[in-house]
Every structure is written in C-alpha cells, then in structure tokens.
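Working notes, structure below.
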Amino acid sequence: MGVVVRIGELSRRTGVPTRMLRYYEEQSLLDPGRSDNGYRWYGEAAVVRVQQIRGLLDSGLTTEIIRRILPFLDGPEVIHVAPACVTAELEGLLRGEVERIQARIDCLSRNRDALVAYLAAVRPESL
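Numbering (numbering that gives the first Met the number 0), first residue to last: 0 to 126.
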C-alpha cells in the first residue's frame, strides 16, 4: 500500500485546505480509503493527484471536466488516452472549454492593452 497519510497531512503537503480536499472527494476527484474509525487516508499518489487537480482548477477547468480527464493523467503534463475513449460528448465538452478559455484570454489581452494604452497616455515616460 505504500505511504499512507491522513487528510491533515495531505493538506499540509499540498497547501490545500482540508475542507477543499473533502470537496474534491464529494466531486469524485479524490477517493480516499477509510480506517475503522472513519478517518480518511490517502496513498502517496494523492499528493500528485491533488497538485494536478489544483493546476487544472487554476487553469479554469470545471470539476466535471477534471473528473472526466483525471483517469488519463499520469503526471502534470502527461496525458494518455486512447482515441476510442474520447466520446463525441467528451470531445464537445473539451472543445467548449477551449473556446471558453480562449475567450478569457482574449478578454485579458484587451484589458492589458487598454491598461498599457492608459499608462502610455498618462505617464509616457514610465513605459
């Protein structure tokens, strides 16, 4: 079974609050074991899994999409998925996410450009 840690230790090692770890469990992103007294326990791989989840959430993906792609992730940048496993529904969901993220990038770029233009107008020497 390897190294086993309880939820508080997983929280300490990942920087993710225990409340958020429980939420990941509710969303079927984590699947802890349970001891006889009901305490959650996690294997060593949970540290990497939580880091993956955080990175995916930080990139703007929803928990639904993360739940769907987690089985295919081996590491932070490694995805192994057989093309047959990608259903039309999942492909549509992922394409929608790409479009949503691109829209956010476009909006952020417009905001950045507007701020640069404003600074150039009020403080041309600062650029």
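Cβ atoms here follow ideal geometry from the backbone N, Cα and C, with glycine treated the same way.
Three-state secondary structure (DSSP) of residue i
i          : result
residue 42 : strand
residue 59 : coil
residue 54 : helix
residue 29 : coil
Range covered by the alpha helix (DSSP H) that runs through residue i
i           : result
residue 103 : 87-121
residue 24  : 17-25
Span of the beta strand (DSSP E), counted from its first residue to its last, around residue i
i         : result
residue 3 : 3-5
Rounded C-alpha distance that separates residue i from residue j
i          : j           : result
residue 22 : residue 115 : 39 Å
residue 58 : residue 39  : 28 Å
Contact set for residue i: own chain, Cβ-Cβ below 7 Å, skip 5 residues either direction
i          : result
residue 28 : 52, 62, 65, 66, 69
Spell out a yes or no on whether the segment 42-52 and the segment 9-26 are touching, meaning 3 or more CB-CB pairs, one atom from each, closer than 8 Å. Between the segment 42-52 and the segment 9-26, the count of C-beta pairs closer than 8 Å reaches three or more; the two stretches touch.
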